[in-house]
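2 protein chains.
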Amino acid sequence: MKITGEMLIGGAAVRGQLAELQAIDPASGSSLGPCFGGGGAAEVERACALAAAAFDRYRETTLEQRAHFLERIAEGLVDLGPALIERAQAESGLPKARLEGERGRTVGQLRLFASVVRDGRWLDVTIDRALPDRVPGRRPDLRLRNVALGPVAVFGASNFPLAFSVAGGDTASALAAGCPVVVKAHPGHLGTSELVGRVIQAAVQACGLPEGVFSLLIGEGNAIGQALVSHPAIQAVGFTGSRAGGLALCRIAAARPQPIPVFAEMSSINPVFLLPGALATAPEALAQAWVDSLVLGVGQFCTNPGLVLGSAGPAFDRFKAAATTALGAKDAAVMLTPGIHSAYQSGVQRLQGVAGVRELARGTSAADDRPGAAQPALFSTTAHTVLTRPELEQEVFGPAGVLVDCEDIAQMRTIAEHLEGQLTATLHLTDADHAEARQLLPVLERKAGRILVNGFPTGVEVAHAMVHGGPFPATSDGRSTSVGALAIQRFLRPVCYQDLPDALLPGALREGNPLRVPRLIDGKREGG
Amino acid sequence: MKITGEMLIGGAAVRGQLAELQAIDPASGSSLGPCFGGGGAAEVERACALAAAAFDRYRETTLEQRAHFLERIAEGLVDLGPALIERAQAESGLPKARLEGERGRTVGQLRLFASVVRDGRWLDVTIDRALPDRVPGRRPDLRLRNVALGPVAVFGASNFPLAFSVAGGDTASALAAGCPVVVKAHPGHLGTSELVGRVIQAAVQACGLPEGVFSLLIGEGNAIGQALVSHPAIQAVGFTGSRAGGLALCRIAAARPQPIPVFAEMSSINPVFLLPGALATAPEALAQAWVDSLVLGVGQFCTNPGLVLGSAGPAFDRFKAAATTALGAKDAAVMLTPGIHSAYQSGVQRLQGVAGVRELARGTSAADDRPGAAQPALFSTTAHTVLTRPELEQEVFGPAGVLVDCEDIAQMRTIAEHLEGQLTATLHLTDADHAEARQLLPVLERKAGRILVNGFPTGVEVAHAMVHGGPFPATSDGRSTSVGALAIQRFLRPVCYQDLPDALLPGALREGNPLRVPRLIDGKREGG
Chain A
4 MKITGEMLIG GAAVRGQLAE LQAIDPASGS SLGPCFGGGG AAEVERACAL
54 AAAAFDRYRE TTLEQRAHFL ERIAEGLVDL GPALIERAQA ESGLPKARLE
104 GERGRTVGQL RLFASVVRDG RWLDVTIDRA LPDRVPGRRP DLRLRNVALG
154 PVAVFGASNF PLAFSVAGGD TASALAAGCP VVVKAHPGHL GTSELVGRVI
204 QAAVQACGLP EGVFSLLIGE GNAIGQALVS HPAIQAVGFT GSRAGGLALC
254 RIAAARPQPI PVFAEMSSIN PVFLLPGALA TAPEALAQAW VDSLVLGVGQ
304 FCTNPGLVLG SAGPAFDRFK AAATTALGAK DAAVMLTPGI HSAYQSGVQR
354 LQGVAGVREL ARGTSAADDR PGAAQPALFS TTAHTVLTRP ELEQEVFGPA
404 GVLVDCEDIA QMRTIAEHLE GQLTATLHLT DADHAEARQL LPVLERKAGR
454 ILVNGFPTGV EVAHAMVHGG PFPATSDGRS TSVGALAIQR FLRPVCYQDL
504 PDALLPGALR EGNPLRVPRL IDGKREGG
Chain B
4 MKITGEMLIG GAAVRGQLAE LQAIDPASGS SLGPCFGGGG AAEVERACAL
54 AAAAFDRYRE TTLEQRAHFL ERIAEGLVDL GPALIERAQA ESGLPKARLE
104 GERGRTVGQL RLFASVVRDG RWLDVTIDRA LPDRVPGRRP DLRLRNVALG
154 PVAVFGASNF PLAFSVAGGD TASALAAGCP VVVKAHPGHL GTSELVGRVI
204 QAAVQACGLP EGVFSLLIGE GNAIGQALVS HPAIQAVGFT GSRAGGLALC
254 RIAAARPQPI PVFAEMSSIN PVFLLPGALA TAPEALAQAW VDSLVLGVGQ
304 FCTNPGLVLG SAGPAFDRFK AAATTALGAK DAAVMLTPGI HSAYQSGVQR
354 LQGVAGVREL ARGTSAADDR PGAAQPALFS TTAHTVLTRP ELEQEVFGPA
404 GVLVDCEDIA QMRTIAEHLE GQLTATLHLT DADHAEARQL LPVLERKAGR
454 ILVNGFPTGV EVAHAMVHGG PFPATSDGRS TSVGALAIQR FLRPVCYQDL
504 PDALLPGALR EGNPLRVPRL IDGKREGG
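In order, the protein sequence lines correspond to chains A and B.
Note that the working numbering has the first sequence beginning at 4, numbered continuously upward.
Note that the working numbering has the second sequence beginning at 4, numbered continuously upward.
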């Protein structure tokens, strides 16, 4: 498949005339061909009009049709073969194995949502049958199902050019819910975006769906994204990126004549609590495992564990020493984009400038001294500093970690209470630590979307029980998740049908249950 | 039970010192004793601090404890006997039978949520067991449950002094979810609010719950409500009232350092579509039934059917003539508050002033010429006027209706597309109208939370399948409902527990299922 530099608007490929954009190799800073044409308001209008026109038909496709469409996209991604991986490598600087794994994850997400769609539980079919003889008055026949919200705007994320981008989790869950999707491509991987976009475009056509089910827009700066979120046809927004970017989209969405929900995943420092038993058992091994997680993917995960809390003392000192050695041995590596690299440099300088924060180690630049390469960084500080200096709560996106000396569990709990919302919180513990863990857990439940024991938060399973979300500012809406089966819920709303003749009811609600979906009837689950 | 004019803050009764507020009999405009003391920021702080302190313990009460607490409140309301109804009558001007019905509804809501809590489905327990031997890596054990959002601010509504007020739907669903509640009393029924508040306060004590589970605040103007929504402890807001009031709360909530969700039910004109077959069958009876619904409760329902669309012609002319006669025979009646009455008068004048709108009838003032009494009003206009004059889309809260001449079903569909979000949309049809109905239904699904056939939207069943919500501006969040079992979902968020030892898991997630709640295990429903 050839990369042409065009936008994909419904069934067409359209060359943008407003700007010329270039894909960049972040390692060298050099340009990658071809030149991309950036669009603007006219292309937003065209994509959104097509999405609106496609909506009523697409949302009423059968469960099987919708599931098949998702599987077809998954197959198309696999069929792209090495070309997709090579282009993503060139644009993102991420290693081949990581991108192959990410493709597997992306394909797995699409297939998970295909199974979720087929299962039909997401429809929440609920039926309260009429009670004609009720006193003082008849109860009508009430039937509820979920319907799709409408066309969704998805913003590709820089750090997962496949799994959180054009055919990533937001797109998969929105398409699964019955929402057409208009993607704004991330400028960090324009060629990858086009390749994946063409796979979706081809799947739309192959499945006989209305062309407006999918479009891919490219544009310079923020204007095209602002126009997209402002467009009246758009009914929800999916975004993974910076706090500033997410909050800007929230403001635009709230200022519309009809405000719409924004699901923005923004920032998290993912605290790790080392409880005394676990710390005493094997501090060196724990330190090595943590450093490995911290620098994984050059620290460019939303779930990067950037803050480690331990009780000051000999065991934590051993942890610190081992972490210092381990991180000092980690090579610098190229970050996703020059902009991300420069933000990382500023973040490290910010930490260096905080009174009470000490630099313990930097990674080596021996293996990679290219300008886009980031050197890992390790700092230590005290609980008092964390509680008084807000800089320590701000995410430094990249391989930088801070070790925090606490006096005791009570002070750890104080810090946990002080922290903003997080995607994850991690406990390292042994059986001897359960009493301490019980002091922390209620706070962590209020602060985080996922709580882990004796692991690290990088590596987010795509599963039914996953939550990749969390209270503000981890996300703009802590009541939802962007990974896992539950993500379909973001793009749904309930509608109640009262006393409709069976012939006018949607299939899912008809008395004979022709779709064979799970149903709750008069408050009781039908069948299994 | 004596009304003292005090606020209820946790277990205490506190006399506000910032203002003196008086309950008013809307029929006469005269004051009702006693004098109420209005509070401010200090009382907000105290109530919110108590709510925050109560939260972790309250949200982990057993399902049975929580259900029993809700039932205890229900019993307490019944035990108040005629005193509650008499006070509510005096403060709201609503008739005795209506308030008795509303008490029944309020008690029914509390009992429904007790059954919802016991059932445990709301926890959404989802378990993906570990796959230790998976290649390339082990899948961890993942367990998801819903947890309560945190303390909730509830604003009492004027038009349901029992069912949407201190112990109304928002309070019941928030308490069911495990959220402490701080209610801001509606100034239109201060005494009723205190009576009900004291019932909840007593139930908190009788059930041995932390006192901060419930507080009731009173204040002059908007300041106390603004302070409440701004307080960092508050994690969600429930509101039923005007569009201006709801939007103001949304702005305050979005401007917080940590934004929070606002569930505001604001305004709806609840269109009624008369399809040709139904209109031809019995236009006079249909007109009478519609007028009865329009003036029910002096038109003070969120679901009041204010806009009727029919195809111009002899049958619709007969409907109009019958509606004119029926409405002309309806008596004026006292509205809930002087402010609501004056807003109704302005709304009717606004309609009278629109070019292309004709007044067909006014109700009679013979039976009730008191200053707070509203005369029903009936207008007619054309589809063209509706499509060009935004005044016709604005809710006139009260017994005013507009009949709209449409050319055909296509024009009805155009109007449906043109309308803002609605709580309800109604179709009157016969078997001969199914083709026309199929043209309208996809649009109505996008516009409304509930679609009815051959009925009227006033009268909202409390049931599992009910949706009392809808796209903006019907509500600020069309993904939820304020009536029915699903309302508990507003106040929940999912948390995933990864690899927690069984002893540290919340009861709902333990391997042995000690709470006997329904579970989804590896994507399959366990048991029934």
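Don't be surprised by glycine CBs; every beta carbon is placed ideally from N, CA and C.
Keep in mind that this is a model prediction, so the values were computed, not measured.
Nearest by alpha-carbon distance to residue i: which of the options is it?
i: L145(B); options: D502(B), G366(B), G526(B) and P521(B); result: D502(B)
i: F58(A); options: Q208(A), P213(A) and V110(A); result: P213(A)
i: A318(B); options: A52(B), E423(B), E439(B) and L282(B); result: L282(B)
i: A376(A); options: V337(A), L363(A), L390(A) and A288(A); result: V337(A)
i: S383(A); options: L312(A), I272(A) and S33(A); result: L312(A)
i: V360(A); options: D436(A), V407(A), L165(A) and A247(A); result: V407(A)
i: A56(B); options: G13(B), D131(B) and S34(B); result: G13(B)
So that I know if they touch, is there some Cβ in chain A lying closer than 7 angstroms to that of residue i?
i: T129(B); result: yes
i: P146(B); result: Strictly speaking, residue 146(B) in this sequence is Arg, with Pro absent from that position. Yes, contact with chain A.
i: A346(B); result: no
i: V470(B); result: yes
i: A324(B); result: no
Determine the DSSP secondary structure at residue i, reduced to helix, strand or coil.
i: T306(A); result: coil
i: C253(A); result: helix
i: P29(A); result: coil
i: V470(A); result: coil
i: I6(A); result: coil
i: E23(A); result: strand
i: R513(A); result: coil
i: D1(A); result: Here chain A comprises residues numbered 4 to 531, so residue 1(A) is not present and cannot be evaluated.
i: D136(B); result: coil
i: G531(A); result: Model confidence at G531(A) stands at a pLDDT of 46, short of 50, so the residue's coordinates are unreliable; what they give is reported in the following sentence. G531(A) falls in the coil class under three-state DSSP.
i: R259(A); result: coil
i: K99(A); result: helix
Under 7 angstroms between beta-carbons, which chain A residues line up against residue i? List them in chain order, please.
i: H467(B); result: T129, D131, L523 and G526
i: N457(B); result: D502
i: A477(B); result: Near A477(B) there are no residues of chain A at all, since even the closest Cβ is about 11 angstroms away, more than 7 angstroms.
i: V150(B); result: E448
Taking Cβ-Cβ distances shorter than 9 angstroms, what residues in chain A pair up with residue i?
i: I454(B); result: V498, C499, Y500, Q501 and L503
i: L489(B); result: D127, T129, L147 and P497
List, in chain order, every chain B residue whose beta-carbon is nearer than 7 angstroms to that of residue i.
i: L231(A); result: In chain order: nothing, as chain B lies at least about 19 angstroms away.
i: A257(A); result: A257
Taking CB distances under 7 angstroms as the criterion, tell me whether residue i reaches chain B.
i: L507(A); result: yes
i: R482(A); result: yes
i: Q261(A); result: yes
i: D1(A); result: In the structure as shown, chain A starts at 4 and stops at 531, and residue 1(A) therefore has no counterpart that could be examined.
i: A440(A); result: yes
Find the residues of chain B that neighbour residue i, judging by a C-beta separation of less than 8 angstroms, and give them in chain order.
i: L444(A); result: L507
i: R142(A); result: E464 and A466
i: G153(A); result: R449
i: H437(A); result: P504, A506 and L507
Any chance the region 257-269 of chain A sits against the region 236-246 of chain A, with 3 or more Cβ pairs inside 8 angstroms? yes
How do the region 75-93 of chain B and the region 159-175 of chain B stand: do at least 3 beta-carbon pairs fall below 8 angstroms, yes or no? Segments in contact, yes.
Inter-stretch contact (C-beta, 8 angstroms, three-pair minimum) for the region 336-352 of chain B and the region 34-45 of chain B: no
When you compare the region 191-203 of chain A with the region 81-92 of chain A, are there three or more beta-carbon pairs, one atom per stretch, that lie closer than 8 angstroms? Result yes; three or more Cβ-Cβ pairs closer than 8 angstroms.
Evaluate the contact criterion for the region 116-126 of chain A versus the region 202-222 of chain A: three or more CB pairs, one atom per stretch, below 8 angstroms. no
Check whether the region 9-22 of chain B touches the region 215-232 of chain B, taking contact to mean three or more Cβ pairs, one atom from each stretch, closer than 8 angstroms. yes
On the three-pair Cβ rule with 8 angstroms, is the region 324-338 of chain A touching the region 378-394 of chain A? yes
Stretch pair the region 437-444 of chain B + the region 476-492 of chain B: three plus CB contacts closer than 8 angstroms: no
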